[in-house]
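> Handing you this structure, nothing more for now.
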Amino acid sequence: YGPRALTVAGDGRIVVADTGNARIVIFTADLAFAGAIGERGSAAGQLNEPVGVAVDGAGRIWVADNGNGRMQVFGADGRVALGFPVPGWTSAVYSEPRLAFDPAGARVWASVPRQHEIRAYDAEGRVVATVAEAALRPRFDMPMGVVAGPAGLVVAGLNGTLGAVAPDPALQPGKESKISSGQESDE
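Per the numbering used here, the sequence shown starts with residue -17, numbered consecutively.
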């Protein structure tokens, strides 16, 4: 299996989650190979099924290291700057989390398909918001993809459905919300 996700950094670099080769590949804006990060394994800096990738405003590369059940954050030098477990991430069918930064770059949103939710993490790896998808069952199943923008979150589900969540600051830290048809409802 090949690459599962890519993103464009603020400086124009293209960052690719090369899942099958257990690495992150970086290209310049003009598509020249610029390097790779990671190798297969479970130690810090090693990857097992990296399936999601995002780049923060400081240029750090955030990786959904799904097979190891963790998020790894790599600095500009390619070294691990931060790593933390993400409950619910596992190397399983239909468990391919995706990442997206909010427009302010303050937090990364991560899908957790097996736990039917999207979580926001701050720069230190703390959960600051959770959005559950229970409101749309059975029509909405397993949030896979996530995009964050000024209008809020758009989430793609396994069965091809889309859910939308109102923009921040409606999602306050620690507040549980449900994805609904374009509305946010408190639990």
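Just so you know, even glycine gets a beta-carbon here, dropped at the ideal spot from N, CA and C. The model shown is predicted, which means the values in this text are computed figures rather than measured ones.
(1) Please list the terminal residues of the continuous beta strand (DSSP E) segment that includes TYR76.
(2) Using 7 angstroms as the threshold, is the C-beta distance between ALA218 and LEU81 below it?
(3) When DSSP builds the beta bridges, which residues end up paired with GLN54?
(4) Let's test the definition: count the other Cβ atoms within 10 Å of the Cβ of PHE56 and tell me whether it reaches 16, buried, or not, exposed.
(5) How many angstroms separate the CA atom of GLY20 from the CA atom of GLY134?
(6) Of the choices GLY107, GLU99 and TYR76, whose alpha-carbon is the least far from that of ALA140?
(7) Report the rounded CA-to-CA distance for HIS98 versus GLN54, giving the unit in angstroms.
(8) Would you mind giving the Cβ-Cβ distance between PRO95 and PRO69, rounded to the nearest angstrom? I have them listed as a contact below 8 angstroms.
(9) Between GLY142, LEU144 and ALA130, which has its C-alpha nearest ALA36's C-alpha?
(10) Label THR1 either buried or exposed according to how many other C-beta atoms from any shown protein chain fall within 10 Å of its C-beta, with 16 as the threshold for buried.
(11) Suppose you measure from the CA of TRP44 to the CA of ALA14; what does that come to, to the nearest Å?
(12) Determine, for ARG96, whether the minimum Cβ-Cβ distance to residues of chain C falls below 7 angstroms.
In terms of the structure at hand:
(1) Residue 76 sits at position 94 when you count from the first residue of the sequence shown. For TYR76, no beta strand (DSSP E) segment is defined, and its DSSP state is neither H nor E.
(2) A question about residue 218 goes unanswered here, because the residues of the chain that appear run from -17 up to 169.
(3) Locating residue 54 in the sequence shown gives position 72, counting from the first residue. VAL45 and GLY65.
(4) In the sequence shown, residue 56 corresponds to position 74, counting from 1. Around the beta-carbon of PHE56, 16 or more other beta-carbon atoms lie within 10 Å, marking it buried.
(5) As a first step, residue 20 must be located in the sequence shown, where it is residue number 38. As a first step, residue 134 must be located in the sequence shown, where it is residue number 152. Whole-angstrom Cα-Cα distance: 32 angstroms.
(6) As a working note, residue 140 is residue 158 in the sequence shown. Correcting the residue identity first, residue 140 is Leu in this sequence and not Ala. Looking at GLY107, GLU99 and TYR76, the one whose alpha-carbon comes closest to that of LEU140 is TYR76.
(7) The residue labelled residue 98 in the question sits at position 116 within the sequence shown. The residue labelled residue 54 in the question sits at position 72 within the sequence shown. Just so you know, the alpha carbons of HIS98 and GLN54 end up roughly 21 angstroms apart.
(8) By one-based count along the sequence shown, residue 95 stands at place 113. By one-based count along the sequence shown, residue 69 stands at place 87. Between PRO69 and PRO95 the Cβ distance is about 13 angstroms, and since that is not below 8 angstroms, they are no contact.
(9) Locating residue 36 in the sequence shown gives position 54, counting from the first residue. When GLY142, LEU144 and ALA130 are compared, the shortest CA-CA separation from ALA36 is found for ALA130.
(10) Translated into the one-based positions of the sequence shown, residue 1 becomes position 19. With at least 16 other beta carbons inside 10 angstroms of its own, THR1 counts as buried.
(11) Residue numbering aside, residue 44 sits at position 62 when the sequence shown is read from its first letter. Residue numbering aside, residue 14 sits at position 32 when the sequence shown is read from its first letter. Those two C-alpha atoms are separated by around 21 angstroms.
(12) Checking the listed chains, one finds no chain C in this structure; it contains a single protein chain.
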